[in-house]
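I have placed the structure first, in the form of C-alpha cells, so that the comments after it can refer back to it.
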Amino acid sequence: MTVVTRFAPSPTGRLHVGNIRTALHNWLLARKQGGRFLLRIDDTDSERSREEYVEAIREDLAWLGIEPDGEERQSQRFDHYEAAFARLVEAGRIYRCYETAQELELKRKIRLGRGLPPIYDRAALALTEADHAAKAGEGAAPHWRFKLDHDAPIAWEDGIRGAQHFDPAQLSDPVIRRADGSWLYMLPSAVDDIGMGVTDVLRGEDHVSNTAVQIQMFTALHAAPPQFAHEALLVGSEGKLSKRLGALGADALRHQGIEPEALLSLLARLGTSQPVEPMVDRAMLVEGFDLSTFGRAPARFDEAELERLNAAVVHQLPYATVAPRLPQGMDEAGWEAIRPNLSHVGEAADWWRIVTGPVEQPGFDAETKGYLAEAARLLEWGEDPWRGLTGVLKEATGRKGKALFLPLRQALTGMDHGPDMAQLLPLIGEAETRARLVRASA
Ligand code: GLU
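Position 391 of the sequence shown, counting from 1, maps to 394 under the numbering used here, and the rest follow consecutively.
Set out below in C-alpha cells:
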C-alpha cells in the first residue's frame with residue numbers, strides 16, 4: 004500500500020514554524036517510503052479563510068522545497084460531506100441540538116461544580132419529533148452533534164506516543180455542523196482522510212482527543228482508520244508556547260536571511276533523539292527521518308540555534324544554489340572565498356566590495372608604510388601570489404606572524420579579518436593588488 008500523508012492548514016493566516024514542522028514531517032514521512040504527500044486546504048470556514056493565505060501557503064512551501072504531490076480544497080468537497088452526513092444521520096449517529104453558547108457554558112459550570120467532567124450532557128437526545136417541530140415553529144434551526152458510541156472503547160497505537168486509550172463516555176459528542184449548515188473541522192477531515200486514501204496522519208498532540216473522536220467516525224463510515232502519530236508541540240526557547248513563535252512565519256525568516264535548508268535541518272531534528280546538524284542535501288533529511296526517534300517532551304525552538312545553523316548551512320551551500328542572489332560579477336571562486344565569512348547569503352555583497360573596491364584603508368604609521376612600499380615592490384604574480392608575497396617579505400624584513408600579515412590584510416581589504424587572503428588575491432587581481440599596496444604606502 005502506498006503511503007499517503009497530508010498537510011492540512013487552514014488558510015486563516017500565514018504558515019508559522021509550528022505548522023511548517025508538521026508539513027515537513029509529513030513530507031518526509033511520504034518521501035522516505037516513496038509515497039505521496041498532499042496539501043489539503045482546510046477552508047470550510049468561508050468567513051476566516053482568505054485566498055491570499057492559500058497563495059502564501061503555496062509560496063512558502065515552494066520556498067522551502069516541500070512540494071506537494073497534489074492539492075485538495077475542502078471548499079470544493081461539500082458534496083462528500085453531505086453524503087457522509089446523510090449516512091451518519093441514517094445510522095443514528097448524528098443528532099440535533101439547540102443550546103446556545105451561554106446555555107452550554109452554564110451547563111459546563113454546573114458540571115464542574117459537581118465535580119463532573121465538563122462534557123455535553125446529551126440533553127438533546129431526549130427531544131421528541133414534536134419537540135423538534137415546536138423548535139422549528141419558533142424559527143430555531145438545530146446544530147448537529149456526532150453521537151459517540153459509549154460502548155466502543157477507543158484505542159490506537161500512536162506512532163509517537165505508543166498505546167492510547169480513551170473512554171468515549173468521558174468525551175463530548177462533538178458539534179460537527181452549525182445551525183447555518185456550515186461544517187466544523189471534525190467530520191470533513193475524517194471524510195477527506197478516507198476519500199483521499201490517507202494512510203498516515205501525523206499532527207500535533209493538540210489533536211489527540213480529536214483523533215479519539217475521528218476514529219469513531221472512520222468506523223461509523225465503515226473505513227479503517229489511518230495510522231496516527233502525534234508530535235509534542237513546539238515551544239519557544241523560554242519553554243512556553245510563545246506568541247512570537249506562533250507569529251514567526253516563513254516570510255519573516257526569509258527576510259531575516261534564513262535559508263530553507265537551515266530551517267528544515269532544525270525542524271527535522273528538534274524534539275527527536277537525533278542531533279541537530281546542517282543538512283544541505285535533502286536526501287540526508289529524508290534518510291534520517293525516523294518517527295521512533297521522536298520524544299514526548301515539548302521541542303524547544305531557539306532562534307539563536309537557527310542562526311548558528313544558518314551560518315553552518317551557508318558555509319556549505321554550492322554556488323549554483325545561491326548564484327541568483329549574489330552580487331554582479333561574483334563567480335564560483337569568489338563565492339568559495341567569501342562563503343566561510345557569512346552568516347547570511349545577503350552579506351556576500353559587503354564582502355564582495357573587498358574584491359571590487361574601493362577599500363577604505365586605515366592610516367598607517369611611517370614604518371608600516373615603508374613595509375607596504377616594500378610589499379608593492381616585491382610583489383610577483385605567480386601561481387599563489389599570497390604565499391609568494393608573504394614568503395619574500397618574511398625573508399626581506401624578518402617580520403612574522405601578525406606583523407607580517409595584518410598590515411597587508413588592512414591595506415588590501417581595509418579590514419582586520421575576513422576571507423582567506425590566498426583565495427582573495429587572485430580575485431582582486433595583480434594590478435589592483437599592487438595599486439592598493441602603493442596607495443597604502445603613500
Ligand atoms: N486544519 C487543521 C489544523 O490546522 C488540520 C488538522 C489535521 O491535521 O487534521 O489544525
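Every residue, glycine too, gets a C-beta built ideally from N, C-alpha and C. These numbers come from a predicted model, not from an experiment.
Neighbour-count burial assignment, residue i, 16 or more Cβ in a 10 Å radius
i, result
"Gly239", "buried"
"Thr47", "buried"
"Ile113", "exposed"
"Gln331", "exposed"
"Ser185", "exposed"
"Thr416", "buried"
"Leu109", "exposed"
"Val92", "exposed"
"Ser268", "buried"
"His28", "buried"
"Glu70", "exposed"
"Glu264", "buried"
"Gly274", "buried"
"Leu119", "exposed"
"Met220", "buried"
"Glu241", "exposed"
"Glu234", "buried"
"Asp209", "exposed"
"Glu54", "exposed"
Between the CA atoms of residue j and residue i - distance to the nearest angstrom
i, j, result
"Ile157", "Pro171", "7 Å"
"Asp176", "Ala137", "24 Å"
"Ile197", "Thr222", "11 Å"
"Asp134", "Tyr56", "43 Å"
"Arg51", "Pro301", "29 Å"
"Glu280", "His420", "27 Å"
"Ala232", "Asp82", "29 Å"
"Ala144", "Arg181", "9 Å"
"Leu266", "Gly252", "11 Å"
"Glu75", "Asp124", "36 Å"
"Gln217", "Glu308", "37 Å"
"Leu345", "Arg402", "30 Å"
"Tyr101", "Thr15", "28 Å"
"Arg9", "Arg439", "59 Å"
"Met189", "Thr296", "29 Å"
"Thr103", "Leu130", "16 Å"
"Leu41", "Ile357", "47 Å"
"Trp355", "Gly349", "11 Å"
"Val201", "Lys35", "16 Å"
"Gln173", "Glu106", "20 Å"
Residue i: first and last residue of the uninterrupted alpha helix (DSSP H) it sits in
i, result
"Phe169", "Segment 165-169 is the beta strand (DSSP E) holding Phe169; no alpha helix (DSSP H) there."
"Phe408", "404-416"
"Phe221", "211-223"
"Ala326", "Taken as a continuous stretch (DSSP letters only), Ala326 belongs to no alpha helix (DSSP H), as it is neither H nor E."
"His28", "20-35"
"Ile69", "From DSSP, Ile69 is part of no alpha helix (DSSP H); its letter is neither H nor E."
"Ala351", "351-359"
"Ala399", "388-400"
"Pro338", "One detail in the question is off: residue 338 reads as Trp in this sequence, not Pro. Unbroken alpha helix (DSSP H) run through Trp338: 335-341."
Residue interval of the beta strand (DSSP E) (run including residue i)
i, result
"Val446", "Summary: the structure shown does not reach residue 446, with the chain confined to residues 4 through 445, and so no result is reported for it."
"Gly373", "Gly373 -> not in any beta strand (DSSP E); alpha helix (DSSP H) instead, spanning 369-381."
"Tyr98", "97-100"
"Thr8", "7-10"
"Gln230", "230-234"
"Ala127", "No beta strand (DSSP E) holds Ala127; DSSP gives it neither H nor E."
"Ile179", "178-180"
"His135", "Here His135 belongs to no beta strand (DSSP E); instead the alpha helix (DSSP H) covers 132-140."
"Leu42", "39-44"
Beta-carbon proximity check, residue i vs residue j, cutoff 8 Å
i, j, result
"Arg43", "Asp195", "yes"
"Leu430", "Ala323", "no"
"Gly68", "Arg285", "yes"
"Trp66", "Arg257", "yes"
"Gly162", "Gln230", "yes"
"Gly260", "His168", "no"
"Leu128", "Pro121", "no"
"Ala314", "Met333", "no"
"Asp45", "Ala87", "no"
"Leu407", "Lys397", "yes"
"Tyr84", "Pro228", "no"
"Gln277", "Ala340", "no"
"Ile179", "Trp147", "yes"
"Ala33", "Leu64", "no"
"Ala414", "Leu375", "yes"
"Pro422", "Pro343", "yes"
"Gly207", "Leu236", "yes"
Proximity test, residue i beta-carbon vs the ligand SAM heavy atom, cut-off 7 Å
i, result
"Ala11", "This structure lacks the ligand SAM; the ligands present are the ligand GLU."
Check your understanding: Is there contact here, the region 49-60 with the region 7-23, by at least three beta-carbon pairs under 8 Å?
Key -> yes
Check your understanding: Do the region 385-399 and the region 361-373 touch if we need at least three Cβ pairs shorter than 8 Å?
Key -> no
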